[in-house]
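Below is one structure, written out as structure tokens, with a few remarks after it.
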Amino acid sequence: MFNRSLYCFALFSVRKKLGFRLQSYRAHLRCCSFIEEAIPLETTECTDETITQLLTLEPPEESGKDSVEELLLKSDDVSRLMKMERRSDLDSKDQFNQSRRWFPYLDKFDAGSMHLSGGEVLETLDRPIGQSDELLRLYSYVRHQTVGIRSSAILFGLKSCIELGDLEFGRGIHTDALKFGLNISKFVGSSLIGLYSRCGDIEEAAKAFDEIIEKDIVAYTSLITGYAQVGDHRAYEAFRVAYHMQKEEIDPNRVTLVSLLQAASELGALEEGQSIHGYAIRRGIGCSDEVFETSLMDMYNKCGPPNMAATFFARMGSRTVGSWNALISRHLQLGQPLEALHLFFQMVQRNYELDLITLANGLLSCADLENLLVGKIIHAYIVRTGAQLDIVATTALIDMYLKCNHLILAREIFDRIEEKDVISFNVMIAGYLQNGFACQAIEVFYEMVGIGIRLNPVTIMSILSALSDLKDVRQGKCIHGYVFRRGFGSNTEIANQIIYMYAKCGFVQCASRIFKNIKRKDLVSWTSMMMGYLHQGHADEAVTLFRLMQRENLSPDSVTLICLLQAFAQLGFLNLAKEVHCLVQRVSLDIGIPVINSLITAYSKCGKLDMSRVLFEHMAGRCLVSWNTMIAAYGMHGRCVQALKLFDQMKKENVVPDDLTFRSVLAACSHSGLVEEGLHIFRSMKEEYSMIPSEEHYGCMIDLLSRAGRLEEAYDLLRCLPPRQSASALGALLAACRVHGNSEMGETVGRWLLDLEPQNPSTYGLVSNIYAGGEKWKEAAQVRALAKERSLKRTPGYSLIDGEVLEALDPHILDVWKERFRNLAKNRSYSVCLVVEGLCDFGNVSATFWSVDALGFQSVHVVPCDSSKRYGDNRHVSMGAEKWFDIELWNSTEQCFKVLKSRGYRIATTHVGMDAVSIYDMDWSCSTAIVVGNENSGISNEALELSDLHCSIPMKGMVDSFNVFVAAGILMHHAVCDRTSRLGCHGDLTLDDSQTLLEEFYLHHCKSAISIAKEYANRKLTRFTTKL
1 MFNRSLYCFA
11 LFSVRKKLGF
21 RLQSYRAHLR
31 CCSFIEEAIP
41 LETTECTDET
51 ITQLLTLEPP
61 EESGKDSVEE
71 LLLKSDDVSR
81 LMKMERRSDL
91 DSKDQFNQSR
101 RWFPYLDKFD
111 AGSMHLSGGE
121 VLETLDRPIG
131 QSDELLRLYS
141 YVRHQTVGIR
151 SSAILFGLKS
161 CIELGDLEFG
171 RGIHTDALKF
181 GLNISKFVGS
191 SLIGLYSRCG
201 DIEEAAKAFD
211 EIIEKDIVAY
221 TSLITGYAQV
231 GDHRAYEAFR
241 VAYHMQKEEI
251 DPNRVTLVSL
261 LQAASELGAL
271 EEGQSIHGYA
281 IRRGIGCSDE
291 VFETSLMDMY
301 NKCGPPNMAA
311 TFFARMGSRT
321 VGSWNALISR
331 HLQLGQPLEA
341 LHLFFQMVQR
351 NYELDLITLA
361 NGLLSCADLE
371 NLLVGKIIHA
381 YIVRTGAQLD
391 IVATTALIDM
401 YLKCNHLILA
411 REIFDRIEEK
421 DVISFNVMIA
431 GYLQNGFACQ
441 AIEVFYEMVG
451 IGIRLNPVTI
461 MSILSALSDL
471 KDVRQGKCIH
481 GYVFRRGFGS
491 NTEIANQIIY
501 MYAKCGFVQC
511 ASRIFKNIKR
521 KDLVSWTSMM
531 MGYLHQGHAD
541 EAVTLFRLMQ
551 RENLSPDSVT
561 LICLLQAFAQ
571 LGFLNLAKEV
581 HCLVQRVSLD
591 IGIPVINSLI
601 TAYSKCGKLD
611 MSRVLFEHMA
621 GRCLVSWNTM
631 IAAYGMHGRC
641 VQALKLFDQM
651 KKENVVPDDL
661 TFRSVLAACS
671 HSGLVEEGLH
681 IFRSMKEEYS
691 MIPSEEHYGC
701 MIDLLSRAGR
711 LEEAYDLLRC
721 LPPRQSASAL
731 GALLAACRVH
741 GNSEMGETVG
751 RWLLDLEPQN
761 PSTYGLVSNI
771 YAGGEKWKEA
781 AQVRALAKER
791 SLKRTPGYSL
801 IDGEVLEALD
811 PHILDVWKER
821 FRNLAKNRSY
831 SVCLVVEGLC
841 DFGNVSATFW
851 SVDALGFQSV
861 HVVPCDSSKR
871 YGDNRHVSMG
881 AEKWFDIELW
891 NSTEQCFKVL
901 KSRGYRIATT
911 HVGMDAVSIY
921 DMDWSCSTAI
931 VVGNENSGIS
941 NEALELSDLH
951 CSIPMKGMVD
961 SFNVFVAAGI
971 LMHHAVCDRT
981 SRLGCHGDLT
991 LDDSQTLLEE
1001 FYLHHCKSAI
1011 SIAKEYANRK
1021 LTRFTTKL
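The sequence shown maps to residues 1 to 1028 in UniProt numbering.
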């Protein structure tokens, strides 16, 4: 047999004579060959003669002639070569690669005569980081070349599996351990626990722990660490294991306490954490230990009140970089980036060495504060010091640039990352979404999927948000399928985002089904569904859902209140909006500026502009959205002058307007007909603010020019838009062409719009009406047939006015009023309408309205005296009559007459002339529009030219005219009498129209909508609950 001791002694003697200068493989092999020639391998005893012979051996010259492979075959000792690699001057990676070179030669020798077992071979390999996969290949080789295997090989294999997170290979090693009875070893068992804990299979880790016969502190600590790392409710098991460990009289060490502190942090168990802290103090464990003190800081950060961690930090004798990092991270988690940045500056001032975690925390603080200057300083420090950022710090740097709106630089840094992880991709996607670049976010997502990175819940929610913005329901369904296949369906946050995606894309029924299937609905679930209903105009369903949410004892937050106020604004429930306002003030909710902005919008949409103005003026801190909201409110009410004044005030206070600001101002100018002011503001976007007008801005300008009859200018402006961005503006111009009767331009614009939006059903209706206005009935029918062929239907309207509402209102109205409303609805008429042209005195307008309602007419058209002066009535004169009939406002006489003629009315102007027909000789049975003119100048020349006939009231006295509202009353009274004598009745509404009108009368009659809304909501709630 080979005497290993003798061999090693001889080799040592030769190397000692060389002064340990021979470090290469070649020198080692030459020594081995020299010894084997001098002393036969059969030598079994180390006699004095043998020792003397060994000591007198002269070492060989290092000729370097023989190749390594040749010397290898001579030496017959490959395993010893591999061990020599560990003593060489090479770094760990080169050592590993060089040692691996000799491994294939092991199969040249009989496995039983090997000088080194598989475990010892693996022991010779110092594993460099990133070479664990190679080590597992070597493990497989050893396992197939040898009959048995030692525990050391098992340990090395398990360590590699832990590093790689390779659970399947680890299970195979576990099987090997079971075959050879090595699983009962405390060393192997602890490694198995670490593997299963690392891969999240804590149940298997517990089984591996139970298999260990003699459990020591390492085994117990491994299982405790596993439970702490898994977290959730299973972190309680860590304390149970610690209790059993103490029953076995095994005292915890520093590592055990660190794991227990982690478990306490996961559970938010402050008392347990303080007990561990006290135990450590009594036993003197962890004093001035960076890891232990950092764990304590982390526990107090997560479990205690905000000031407890700061107090512990202040009492620390020697503050380590880790403790600083823990406190900075705590402030970031609490949403206090300014405090975190101050601590970062203190570290710099006290000359602490900034590690990668510190730099990452500093960059994250700058990101949350959007402080680009300090962020660039930290970046410059990194470049100057040559710090090699890890993936965490690099991701923080990307996040900083993204939140500071430096997307190009963030993308460059992202592209330079060699090994991107899921977090870096998530940050990049979220950054693009925050800056409004949903398409770029989708591209990053595709890149992430292309390189095989598995999605996590954060990725899924981000990409669903991007698809919601793009309204890409097709891709959204693909993501929904992925969620279902990967088992994320039980994740409430993901389900909430799917609900929002479907609702925003118009698939409310799909969103509703997912909402019903959520087992544990949180506040976000209810709010997401409410927002979905609001996006599709189903405001009453949103209110019903809110009532149902209250039954679940969930308190609304600011987002829920915003949704509720939007619903009340859509429904016109002013009193309920006031109740929300009172609720906020009564319970002192910290609602913030967004809720106040929603209140401003709700009040303005409910007609209470003064209340909106008071709220705006008393706001403590106005943001840009607040200014935009108030400007839009003024524009909505036709107060363009106030909107422009507020816009000027906003600029004086150094608030930079954005695209929404300009959109609101231009819309206000459009509603008020201020063409020149609108053109000036539109030009200032480019000249003063270097902003590129969007499709909406062009749409506002085209609408402004179209309302003023400047269609050619509107068409020229439209041609400046890229084809794909002109759909909205084309729709505005097409509607204007119909109003102004420009069928030729309308046909051109209509064909253009059909090419751009072939799937929009509204487009077909507009184009069809254009052809009908030009009496091209064949073309109009073809357009309607094309829409029918493509199965295009308009989204059905959703109104509060239906038979259900009539039933809800009935108990709130007296019988005498019910009878009167039924008679009114029965005798109302649309066949004769009144056109009020150019009246200056609002008192006359209001008196005319009184006559309209008294005589049973349902339609009034108002053309103001000039485009800058809007209609307003005096309710003390009209006595509230204006709420009982329909009022349409027009910018010009021509526009009004064109529309009336398209509806089948003949235009009869009141005028004393040779061609005038006496009202007593007229046939009033056909549809007629009666036109009365200005108090001083009478009917305009334009109206006289565009009218179909002139009529007059015979005068019997010295005066030659009536007061305008008296004349209107006489004309309408005679029309009623003539129609009654010819047709037998004045009313001409269908049964359905009468029912709808009756419901409107009911609503207008009720002074308070609170009880009605509650009654209606209760009925809806009952139906909704039945569906659920």
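Backbone N, C-alpha and C fix where the C-beta goes; we use that ideal spot for every residue, glycine too.
Range of the contiguous alpha helix (DSSP H) that encloses residue i
i    : result
V964 : 964-983
D923 : First-last for D923: undefined, no H or E at that position.
S859 : No alpha helix (DSSP H) contains S859, which is instead part of the beta strand (DSSP E) from 859-863.
C896 : 893-902
A708 : Note, A708: premise wrong, no alpha helix (DSSP H); not H, not E.
H950 : First-last for H950: 949-952, but that is the beta strand (DSSP E), not the alpha helix (DSSP H).
Outcome for residue i when other beta-carbon atoms lying within 10 angstroms are tallied against a minimum of 16
i    : result
S859 : buried
R613 : buried
T848 : buried
R551 : exposed
K302 : buried
E42  : Unreliable placement is indicated for E42, whose pLDDT of 47 sits below 50; the coordinate value is still reported in the next sentence. The residue in question, E42, is exposed, as its Cβ has fewer than 16 Cβ neighbours within 10 Å.
I377 : exposed
D166 : buried
L983 : exposed
Y920 : exposed
H331 : buried
A309 : buried
S937 : exposed
M299 : buried
T311 : exposed
R683 : exposed
Rounded C-alpha distance that separates residue i from residue j
i            : j    : result
T492         : R738 : 49 Å
V862         : I887 : 7 Å
F546         : I281 : 53 Å
G112         : L296 : Confidence in G112 is poor, its pLDDT being 35 and thus under 50, which makes the residue's placement unreliable; the coordinate value appears in the next sentence. Looking at the two C-alpha atoms, the distance is approximately 53 Å.
N553         : L534 : 22 Å
R384         : D610 : 59 Å
S117         : G157 : Residue placement at S117 is flagged as unreliable, the pLDDT there being 42, under the threshold of 50; the coordinate-derived value follows with that caveat. For S117 and G157, the distance between alpha carbons rounds to 15 Å.
F96          : K471 : Residue placement at F96 cannot be trusted, given a pLDDT of 44 that sits under 50; the coordinates are not used to answer.
P337         : D201 : 36 Å
L756         : A729 : 12 Å
E935         : V964 : 6 Å
A380         : G635 : 48 Å
residue 1029 : C404 : No statement about residue 1029 is possible, as the shown extent of the chain runs from 1 to 1028 and does not include it.
S528         : I499 : 7 Å
V931         : H581 : 45 Å
Proximity to residue i [Cα-Cα], best of the options
i            : options                : result
G273         : R486, R283, L261       : L261
C366         : M400, K179, H342, C303 : M400
N742         : D755, I770, L327, T763 : I770
I479         : I442, G506, D948       : I442
M347         : Q333, A326, G335       : A326
residue 1069 : L705, R350, D232       : In the structure as shown, the chain begins at 1 and stops at 1028. Residue 1069 is therefore absent and cannot be evaluated.
G172         : I154, K186, E163, L164 : I154
C977         : S829, V931, S940       : S829
R663         : N654, F647, K652, Q497 : F647
L341         : S329, E945, N351, R350 : S329
residue 1029 : A577, P657, V595       : Only positions 1 to 1028 of the chain appear in this structure, which leaves residue 1029 out of reach.
Residue i beta carbon near the ligand ATP (any heavy atom closer than 6 Å)
i    : result
E353 : As presented, the structure is devoid of all ligands, the ligand ATP included, so that no description of it is given.
Extent of the continuous beta strand (DSSP E) to which residue i belongs
i    : result
E837 : 832-837
Entirely enclosed beta strand (DSSP E) segments - the segment 397-466, minimum 3 residues: Listed in chain order, there is nothing to give.
Ranges of the alpha helix (DSSP H) found wholly within the UniProt repeat "PPR" (522-556), counting only runs of at least 4: 523-535, 539-551
Going residue by residue through the segment 595-644, where are the continuous alpha helix (DSSP H) segments of at least 4 residues, counting only ones entirely within it? 609-617, 624-636
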